[in-house]
Each structure stands twice: as C-alpha cells, then as structure tokens.
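Take the sequence shown: its letter number 339 is residue 339 in the UniProt record's numbering, and every next letter is one higher.
A short write-up of the structure that comes next.
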Amino acid sequence: MRLLDSARIGLAAVVPHSLRHQIDHLRPGKIMPGGIPRKTLAVSIALSAALVTSSPAHAAISYSPLPKLPTLSASALTQRYDLNRAAMAKAADEAQFGGDPALANSLRNLAVPSRDFLSFDPSGNGRGIEVVGDLVHAKRIAVVVPGAGNTLANFDGVKGTGVGAEALYDQAQKLGANGSLAVIGWLGYDAPSMDSIHVTTLGHAAAGAKALKAFLAQIKAVNNAPVSLLCHSYGSVVCGQAAPHVNVTDIAVFGSPGMGVGSVSDLNTSAQVWAGRSTNDGIADVPHVQVDLLGVSVGFGNDPVDPAFGARLFNAGNGGHSDYLRTGDTALYNLALIALGRDTQVGQPQSGS
Numbered sequence: 001m002r003l004l005d006s007a008r009i010g011l012a013a014v015v016p017h018s019l020r021h022q023i024d025h026l027r028p029g030k031i032m033p034g035g036i037p038r039k040t041l042a043v044s045i046a047l048s049a050a051l052v053t054s055s056p057a058h059a060a061i062s063y064s065p066l067p068k069l070p071t072l073s074a075s076a077l078t079q080r081y082d083l084n085r086a087a088m089a090k091a092a093d094e095a096q097f098g099g100d101p102a103l104a105n106s107l108r109n110l111a112v113p114s115r116d117f118l119s120f121d122p123s124g125n126g127r128g129i130e131v132v133g134d135l136v137h138a139k140r141i142a143v144v145v146p147g148a149g150n151t152l153a154n155f156d157g158v159k160g161t162g163v164g165a166e167a168l169y170d171q172a173q174k175l176g177a178n179g180s181l182a183v184i185g186w187l188g189y190d191a192p193s194m195d196s197i198h199v200t201t202l203g204h205a206a207a208g209a210k211a212l213k214a215f216l217a218q219i220k221a222v223n224n225a226p227v228s229l230l231c232h233s234y235g236s237v238v239c240g241q242a243a244p245h246v247n248v249t250d251i252a253v254f255g256s257p258g259m260g261v262g263s264v265s266d267l268n269t270s271a272q273v274w275a276g277r278s279t280n281d282g283i284a285d286v287p288h289v290q291v292d293l294l295g296v297s298v299g300f301g302n303d304p305v306d307p308a309f310g311a312r313l314f315n316a317g318n319g320g321h322s323d324y325l326r327t328g329d330t331a332l333y334n335l336a337l338i339a340l341g342r343d344t345q346v347g348q349p350q351s352g353s
C-alpha cells in the first residue's frame, strides 16, 4: 500500500463523499480535480492524522519473560546468540498455542542454528536484530533499516528484513568482500503498519532513531569498524532523524518518501548521503511536503533524489518499491558497493531516470 493510500483511510472521516471520490481517482503527486494542490491534500491528511487512530492490535499472545542478555561485547556474542535462539524457539511454541501458526512457523525458521540474533522481542509486531557474517572481525559493517509493514512474522518474507540483509551480504561476497563485511538486519523499532496513518508522521521514526542511536553505540563494543546505514522507505525517515546523532560513514536511502528535512545540510552529518529510486517505484508520486497542523507533523519534506536535496545519487535500477534488495537487482549491486566503501565504482542514475 502506498503512502497516499493509507492517508485515504483517515480522509474518509473528515471530507465529503464527493471529494473522497476525487481523491480515490487521483494519481498521487498531481493536482487534484478542481485545482486542489498537493499541499492542500497534505493538510487534509494532517487533519485526519489528528482524528484517526491506528489499526486494531493483533490478539495478544502470552509470552514467557525474555532472558537477561549479557552486555554486548565480542566475548558475549555467542551467549547472546544462543539465548535469543532458545527464546525464539519457546516463543514459537507459545505463538502456536496462542492461535498464530504463521508467526510460530516464522519464529521457528529464525531460531535455527545457522541464524544469529543480537536481540529479539516477540511482543506487538515484534523486533529482531540479525547478524549476517562475522561481526567481530569484519572490516566494515552495514545496517539495513527497513520501512513500514515489517514485522517478525514477515522477517523472512520476500520483502523482509532478513532476506534483504542476506541478499546484501551475498552480493558483497560476489564483489570480492571475502567476509570483510558484516550485515545487520535491524528491525529494532516498531515499524508503522502500512494501513496506518502513522506511515505519514514522524512518531515511529523518532522513536526508531533513538533506538538506532543506542544500538550503534553498543556495537562499538564489539567492533569499531566503519558503519554504513542502508535505509529503505520509511526506514529512511528513521535514518534522517538519527543522522545528527550517529557516527557513520554513509547513509544510503532508497525508495524514500523523504528524510524529514529539506536538504542534506539539514541532517547535520559528516556521512556521505546517497539516494536512489528505481524507475517503477510508486513512491515517486507521493507529495514531498511537510505540514504541521494541530500539533501533528505530516509528510517528510523534500525528495532525496532531487538534485537540489544534495545527496549523491546512485543507479537504483528498474524495479518496484520493494525490489531494491532483490538478488540480481542493480540497486542491490550499488548498495553493496556503498557498504564496501567502494564509492568510485557506484553506478550513477541512467539518463532521464
């Protein structure tokens, strides 16, 4: 579901039927019938955001208390991995008993001996932080920050955090990394649901940025290697909010609705900021505005792939909104080069894209 689609849910509560009909047939990013501009649409969304609550929560499952994990360090990694693996296996049984067999199956897949998780929490839509590769001895670290709609249940789905991290690691090996890159799939925040008005606001991103800042500080105790942030969709909003507070070499955003700022200079970061958008990504049609109304900030500011924004652009291929970390995709190839610090080899956007 596109960002504008979720806004329509809220608009239904506050605008007349005739106007809702026009919105339903509006190509996002264009002038509405009757000359209503995109910014007016954003204001309408802001009004709805103040009035509409998020989708109902899933039925609660009774989980056992999580184990107390040792402080993050190189020597404690194996113990943390083992404790989280056991906790996931137990949570899978509890999810099965609680009437969610799909989640139970997902958790069992995450709990296999070949998977390594730094942290795990099944409550709500779930959180999990997975390491792919050798975190202790890596020369570089890439952290994949996912967008809206990501949960533990779809962590290994076609568009999930785990699949993307694995694909990035494999692509880096094909490019000659030889194990020098560790990839972290960071579902360390409550990503907003795709059918929630929260996908248009900064609330979840601000909380996510705080969690990301704390996590990156903790990782230094394991390995002080250079870190790059690879941020998809709403994850790029998280990275935009975190940028002034984290020490990273690169921030690459793709499929971004905006970073919550007007330009790279507003991020107050020394990192190289990259931006890419595939030619078939519908996020291009989302209005790039930011409006404050009734105490609610809606929208995420200027388009990161606009040259005026100031990011270094990379070729993100021809895929759709969820294809950037797909095996064989141009975007994945260039994101792996960014993660490896091979800036001069990163492909520029094709002419006219």
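Ideal Cβ placement from N, Cα and C applies to all residues, glycine included.
Just so it is clear, the structure is predicted and the values come from calculations on it, not from any experiment.
Start-to-end residues for the beta strand (DSSP E) that takes in A182 | DSSP places A182 inside the beta strand (DSSP E), whose first and last residues are L181 to L187.
Meets three-Cβ-pair contact criterion under 8 angstroms: the stretch 139-150 and the stretch 94-113
Too few Cβ pairs lie closer than 8 angstroms, so no.
Open item on the list: Less than 8 angstroms between the C-beta atoms of G133 and V183, yes or no?
Closed with: Taking 8 angstroms as the cut-off, the beta carbon of G133 is found closer than this to the beta carbon of V183.
Quick check: the stretch 162-170 against the stretch 316-329, are at least 3 beta-carbon pairs closer than 8 angstroms?
These segments touch.
At the level of alpha carbons, what is the spacing between F120 and T249?
The alpha-carbon atoms of F120 and T249 are separated by roughly 27 angstroms.
Q.
Can you tell me whether L47 is buried or exposed? The criterion is at least 16 other CB atoms within 10 Å of its CB, across all chains shown.
A. Confidence at L47 is low in this model, with a pLDDT of 40, below 50, so the placement of that residue should be treated as unreliable; the coordinate-derived value is given next. L47 counts as buried, since no fewer than 16 other beta carbons sit within 10 angstroms of its beta carbon.
request  = In the DSSP assignment, find the unbroken alpha helix (DSSP H) run with D82 in it and report its ends.
outcome  = According to the DSSP assignment, D82 belongs to the alpha helix (DSSP H) that extends over L77 to F97.
* Have a look at A252 and L103 and give me their C-alpha separation to the nearest angstrom. => C-alpha separation (whole angstroms): 31 angstroms.
Among the candidates A214, N109 and V238, whose CA atom is the shortest distance from the CA of F300? Selected option, being the one with the closest Cα: V238.
- Could you spell out where the alpha helix (DSSP H) holding I283 opens and where it closes? Boundaries cannot be given for I283, as no alpha helix (DSSP H) includes it and DSSP labels it neither H nor E.
Q348 versus D195 - alpha carbon distance: Their Cα atoms are separated by approximately 34 angstroms.
- Take the Cβ of G179 as the centre, count every other Cβ of all protein chains shown within 10 Å, and call the residue buried at 16 or more, exposed below. G179 counts as exposed, since fewer than 16 other beta carbons sit within 10 angstroms of its beta carbon.
- Quick one: residues in its chain with C-beta nearer than 7 angstroms to the C-beta of Y81, no 5 flanking neighbours on either side, listed in chain order? Correct list, in chain order: D116 and F117.
Residue from V131, L107, A76 and S278 with nearest C-alpha to L314: Sequence check: residue 314 is Phe here, not Leu. Closest option to F314, Cα to Cα, is S278.
*asked:* Assuming contact is defined by CB atoms lying nearer than 8 angstroms, are L175 and L69 in contact in what I supplied?
replied: Not in contact: L175 and L69 (Cβ atoms no closer than 8 angstroms).
In whole angstroms, what is the alpha-carbon distance linking E94 and Y63?
Distance between the alpha carbons of E94 and Y63 is about 6 angstroms.
Those residues which DSSP pairs with D306 across a bridge
Answer by DSSP bridge pairing: none, since D306 is not bridged.
(Q) Quick test of your reading: R140 and A87, contact by CB under 8 angstroms. State the CB separation rounded to the nearest angstrom. (A) Not quite, the Cβ-Cβ distance comes to about 29 angstroms (not below 8 angstroms), so this is no contact.
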